[in-house]
Amino acid sequence: MEKETVYDVIVAGGGPVGIWAAYYSAFRGLNTILLESSESLGGQAVYLYPEKVITDIPGIPAVTGRDLVDRLIQQMNSVDVKSVLNAKVLSITKENDIRRVLTSRGDYAGRYVILTPGLGNFVPNRLGLPDVDAYEGKGVYYFVKSKEDFRGKDVVIVGGGDSAVDWALELSSVAKTVYLVHRRNEFRAAQSNLKKLEELGVKFVVPYVVKSVAGNESLERVFLSRVDDGSTLEIEAQSMLMMLGYKLDLGSAKSWGVDVNPDGILIDSNCMTSDPKIYAAGDIAAPREGIKQKLLVIGFAQATTAINNISKNLHPYEPTFVHSTNIKSGSR
Ligand SMILES: Cc1cc2nc3c(=O)[nH]c(=O)nc-3n(C[C@H](O)[C@H](O)[C@H](O)COP(=O)(O)OP(=O)(O)OC[C@H]3O[C@@H](n4cnc5c(N)ncnc54)[C@H](O)[C@@H]3O)c2cc1C
491 MEKETVYDVI VAGGGPVGIW AAYYSAFRGL NTILLESSES LGGQAVYLYP EKVITDIPGI
551 PAVTGRDLVD RLIQQMNSVD VKSVLNAKVL SITKENDIRR VLTSRGDYAG RYVILTPGLG
611 NFVPNRLGLP DVDAYEGKGV YYFVKSKEDF RGKDVVIVGG GDSAVDWALE LSSVAKTVYL
671 VHRRNEFRAA QSNLKKLEEL GVKFVVPYVV KSVAGNESLE RVFLSRVDDG STLEIEAQSM
731 LMMLGYKLDL GSAKSWGVDV NPDGILIDSN CMTSDPKIYA AGDIAAPREG IKQKLLVIGF
791 AQATTAINNI SKNLHPYEPT FVHSTNIKSG SR
C-alpha cells in the first residue's frame, strides 16, 4: 500500500489569504497543500468584487479583485503547491501530532493546518420574500460575476452600505439606469462616493424597501414601499442586485476543534488558535487582543506570521524569517 503523504502545512480555504499562505509556505520550503471548497480559487475578491479596483495594497496603486487573484495564483504556481478544488473542509481530528483534515473530497494529513476560510461559504443576507427568491439568477443577484451582465439594463441596487454604493458607481458605466434603494435616508458609505453617484445620474430611492417583484421568464418589475407612509412605487427593471451584507458562516469552524467567538476563530499574536497545531489568518481570524480588520494586507501579514511560526516549530535551527532577495524559492 502506498504510504500516505503527511503535509507540513494544510491550508484550508483558497481566497487571497489562503493562496498567499500556500505560496509563502512552499517558498519557505514546506510541503504544502491548499484545499478550496468552491470550483475556483479567489474568495471574495473573485465572487464579490471581481471588477472593483483595490487601491490599498502596498506597491500596487490599483488592481481589480480578479487581477489580484490572478497574480497571487501566478505567484503560487512559481513554487510547488498542490491545490485541490471542490474540497470543503468538514472536520479536523487529532492523531497525536498530526491533524487529519476531512473534506468533501477525501482526507489529508498534516503536521500543521492554517485555516483561511474567510467568511465561510458567503451566505448573503436575504429579504426572505419568496417571489424575490424565485427570480434568483433570473434577474435577482447577490454577486456580480461580470459587469457585462448589466449592460444596457435598468438595474435596482438594494442596500445602504459600501458594497451597494460601490456597485452603483461601477454599474453606472454600463447600465441604462441605476436605482439605489435604501430603507433609510442616510447611507453608511463615503460621502465622496455619494456625491459621485449624484453626478453620474444614479437615482436615489429612499426611504424605500422592496415588497415584491414580477416578470415572466426573468425579472421585469420591482415593487417598493415607502418606509414612512407606506406609499408604493413600481420600477421597471431587468436586474436587481441585493447588497444586504453577508453572514459569517462559522458552522463548520465549530467542528474544527478550535475556540471561536462571534467574530471568528480566536488567534494569539502568532496567529495560533487554541490548538497549537492549527493557525488561522484572514477574515476568519479574530485576534484575542486588538482590533479585527477585514483587510487583505492584514490577512497576508497574518498568514506570513503563521507560516514563519510553523517553519520555526518544524525547523528550530533555521532562521525565523528570510528575505526573498537573499534566497531562492523553496529554501528555508
Ligand atoms: C465588496 C468588498 C470590497 C472589498 N474591498 C477591499 C479593499 O479594497 N481592500 C482590502 O484590503 N480588502 C477589501 N475587502 C476585504 C477582502 O476582500 C477580505 O479581507 C479578503 O477577501 C479576505 O480574504 P480571505 O482569504 O481571508 O477570505 P475569502 O476571500 O473569504 O476567501 C475564503 C476562501 O475559503 C473558501 N472556503 C470557505 N469555507 C471553506 C471550507 N470549509 N473548506 C475549504 N474552503 C473554504 C471560500 O470558498 C473562499 O474561496 C473587500 C471586501 C468586499 C466584500
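Residue numbering for the sequence shown follows our numbering, beginning at 491 and increasing consecutively.
The beta carbon of each residue, even a glycine, is placed where N, CA and C say it ideally should be.
If you're wondering where the values come from, they're calculated on a predicted model, not measured in any experiment.
For residue i, verify whether its CB is less than 7 Å away from any heavy atom of ligand 1.
i, result
"Lys693", "no"
"Lys784", "yes"
"Pro777", "no"
"Ala654", "no"
"Glu541", "no"
"Ala502", "yes"
"Asp765", "no"
"Ile774", "yes"
"Glu660", "no"
"Gly735", "no"
"Thr815", "no"
"Lys493", "no"
"Val507", "yes"
"Asp546", "yes"
Return the chain-ordered list of same chain residues with a C-beta closer than 6 Å to the C-beta of residue i, the five sequence neighbours on each side being excluded.
i, result
"Arg570", "The question names Arg, yet the displayed sequence has Asp at residue 570. Hits under 6 Å: Ala516."
"Ser581", "Leu592, Ser745"
"Met762", "Tyr769"
"Phe790", "Trp510"
"Gly735", "Asn615"
Measuring from the CB of residue i, is there a heavy atom of ligand 3 at a distance below 7 Å?
i, result
"Pro614", "Within the structure as shown, ligand 3 is missing, the only ligands being ligand 1."
Below 8 Å on the Cβ atoms is my contact criterion, and I expect residue i with residue j to pass it. Report the Cβ-Cβ distance as a whole number of Å.
i, j, result
"Glu526", "Ser573", "7 Å"
"Val536", "Arg556", "6 Å"
"Ala599", "Val496", "5 Å"
"Ile647", "Met566", "Going by Cβ atoms, the distance from Ile647 to Met566 rounds to 34 Å, so no, they are not a contact pair."
For residue i, which residues from the same chain have a beta carbon less than 7 Å from its beta carbon, with the 5 sequence-adjacent residues on both sides left out?
i, result
"Ser801", "Arg518, Leu520, Glu808, Arg822"
Give a yes or no on whether 8 Å exceeds the smallest Cβ distance from residue i to chain B.
i, result
"Glu726", "Protein chains in the displayed structure number just one, and chain B is not present."
Short of 8 Å in beta carbon distance, which residues of its chain neighbour residue i, apart from the five on each side in sequence? Order them along the chain.
i, result
"Val507", "Gly533, Thr606, Gly608, Ala771, Gly772, Asp773, Leu786, Gly789, Phe790, Gln792, Ala793"
"Glu529", "Leu575, Asn576"
"Gly503", "Leu525, Glu526, Ser527, Gly533, Val579, Leu605, Thr606, Pro607, Gly608, Gly772, Ile774"
Let me know the beta strand (DSSP E) ranges lying completely inside the stretch 731 to 766, each 3 residues or longer, listed in chain order.
Entirely contained in the stretch 731 to 766, the beta strand (DSSP E) runs reaching 3 residues are, in chain order, 754 to 757.
Fully enclosed by the stretch 520 to 588, which beta strand (DSSP E) runs are 3 residues long or longer?
Runs found: 522 to 525, 571 to 574, 579 to 585.
May I have a chain-ordered list of the beta strand (DSSP E) segments no shorter than 3 residues that lie completely inside the stretch 630 to 672?
Within the stretch 630 to 672, the complete beta strand (DSSP E) runs of at least 3 residues are 644 to 648, 667 to 671.
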